[in-house]
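Under our numbering, residues 3 to 349 are what the sequence shown spells out, in order. Take a look at the structure set out below.
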Amino acid sequence: MQVNGKDYRTVWMHQRSVFMIEQNLLPFEFKIFESKNYQQTCNAIRTMLVRGAGAIGAAAGFAMAQAFLEAPKDNFRNFVAQARKDIEATRPTARNLFYATERVYLSGKKSTELALTEAQAVADKDAADSQAIGTFGNRLIKNGFHIQTHCNAGWLAFVDFGTALSPIYKAHKAGKDIFVWVDETRPRGQGAKLTAWELQNENIQHRIVPDNAGAWLMSQQKVDMMIVGADRIAANGDTANKIGTFEKAIVAKTFDVPFYVAAPTSTFDLSTKTGNDIIIEERNQEEVLCQSGIDNAGILRKIRIASPSSEAINPAFDVTPAKYITGIITEKGVIKPDEETIRKLFL
Ligand code: MRU
């Protein structure tokens, strides 16, 4: 996608470095971070400098490739095995991270050259899958539609194009008159900060809404469909996505609003039978108790917004049971969220 007239991917590798758009600074500052070794790339994933299922998948694949480049000859096998563990320990929920790390690790066991080729192939496939998701998803969007989305499953969350936002970009390019309701997405504000920034860049009409406005919006027939991304989809179609997604799905079912999940097959995890088996990341309570943004002087600050002596919990994801999902938009087409249909995707 373009920023200030220049094409960017969210994450890419050049020589031994991994480059990433610094997402913790957006929408206030656009900056590229250069990670010079696999440990720095791990840290970027952990601190959410790079985030979103596909983008952390690609970053993890590149981190694995960096580890093969860095491994000393006399301790090669132990070094790359430990690196794999370090990469997989950064964030637990997004399936793409494990998918990419494994693919690059297995290729790297044959040669470091192959690790690099495979990491690039993972990133390129992520971008291509997102494009295809856009094409299939666009067919569901009618002229005049008001679409609601949660969190950020746009191009910043993938290598390019995105999943939930990709059909919206295609519909807009096709000349459809569309409008997007952007859930602000507490506590980190990926909707208010990142999705809104992306839509603004593409000149797509949108408004940021408080997370708790979903039931009111849908009860007033202000939403024609909802599209969200996914971090991991179990074999039975249960879907882990940003905390708050499950609530929206319940509301959507109550008001007969079609609820779509958009995700590539690299987000499906057939070894996880149901959503009950998905590990939900628990993040630091500071993210709930404090907020960051820029002050009038343009300086990025973090301030406490909660009662000083209270504590918080911060589950980063929830699981929407398959029965609430109208369909899953994949790079192979739109499918029903049931085990038989999902297994056929992998035949
Ligand atoms: O915690 P994040 O920001 O890495 O979470 C990922 C997400 O942005 C969402 O859950 C998203 O809707 C699916 S990932 C494309």
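We put the CB at the ideal spot given by N, CA and C, even for glycine. No experiment lies behind these values; they were computed from the predicted model shown.
Asked                                                                                                                                                            : Found
Taking 7 Å as the cut-off, does the CB of T367 come closer than this to any heavy atom belonging to ligand 1?                                                    : This structure cannot settle anything about residue 367, because the visible part of the chain is limited to 3 through 349.
Determine the contact status of R234 and T95, defining contact as a CB-CB distance below 8 Å.                                                                    : yes
Would you kindly work out how many angstroms separate the C-alpha atoms of E283 and P29, rounded to a whole number?                                              : 25 Å
Use the C-beta contact count for T158: other C-beta atoms within 10 angstroms, 16 or more gives buried, fewer gives exposed.                                     : Before going on, a small fix: residue 158 reads as Leu here, not Thr. It counts as buried.
Who are the near neighbours of I331 in its chain, counting only those whose CB is closer than 8 Å to its CB and skipping five residues on each side?             : I135, F138, G139, L142, T165, P169, I229, Y262, V263, A264 and A265
Taking L27 as the reference, give the member of Q223, L302 and T43 with the closest Cα.                                                                          : L302
Just how far apart, CA to CA, sit A350 and R306?                                                                                                                 : It is not possible to answer for residue 350, since the shown part of the chain is limited to 3 through 349.
Identify the continuous beta strand (DSSP E) that holds W183 and give its terminal residues.                                                                     : F181 to D185
Would you give the residue range spanned by the alpha helix (DSSP H) that H174 belongs to?                                                                       : S168 to K175
Is it a yes or a no for the segment 27-47 touching the segment 169-181, going by three-plus beta-carbon pairs under 8 Å?                                         : no
As a quick exercise: from Q122, T43 and D76, pick the residue whose alpha carbon is nearest that of A85.                                                         : T43
Of the choices A254, G191 and N205, whose alpha-carbon is the least far from that of L173?                                                                       : Strictly speaking, residue 173 in this sequence is Ala, with Leu absent from that position. The residue with the shortest Cα to Cα distance from A173 is N205.
What is the residue span of the beta strand (DSSP E) that E342 lies within?                                                                                      : Unbroken run through E342 is the alpha helix (DSSP H), E341 to K346; no beta strand (DSSP E).
Take G239 as the anchor and find which of I344, P212, T187 and L219 has the nearest alpha-carbon.                                                                : I344
With DSSP collapsed to three states, give me the class of A236.                                                                                                  : strand
Rounded to whole angstroms, what is the Cα-Cα separation between D340 and G54?                                                                                   : 24 Å
Pick out whichever of D258, G329 and A324 has its Cα sitting closest to the Cα of N278.                                                                          : A324
Is G191 near ligand 1, in the sense that its beta carbon is under 7 Å from a heavy atom of that ligand?                                                          : no
Buried or exposed, going by whether 16 or more other CB atoms sit within 10 Å of the CB of I209?                                                                 : The residue you asked about is not Ile; residue 209 is Arg in the sequence shown. So R209 counts as exposed.
Based on Cα-Cα distance, which residue from A217, I315, R48 and N243 lies nearest to T92?                                                                        : R48
Please list the segments of the alpha helix (DSSP H) lying wholly inside the segment 83-135, counting only runs of 4 or more residues, in order along the chain. : 97-110
Helix, strand or coil: which one does DSSP assign to A242?                                                                                                       : strand
Along the chain, where does the alpha helix (DSSP H) containing T43 start, and where does it finish?                                                             : Y40 to R48
Take F147 as the anchor and find which of F160, C292, V336 and K224 has the nearest alpha-carbon.                                                                : K224
Just tell me which of Q122, T269, Q192 and T151 has its CA closest to the CA of V20.                                                                             : Q122
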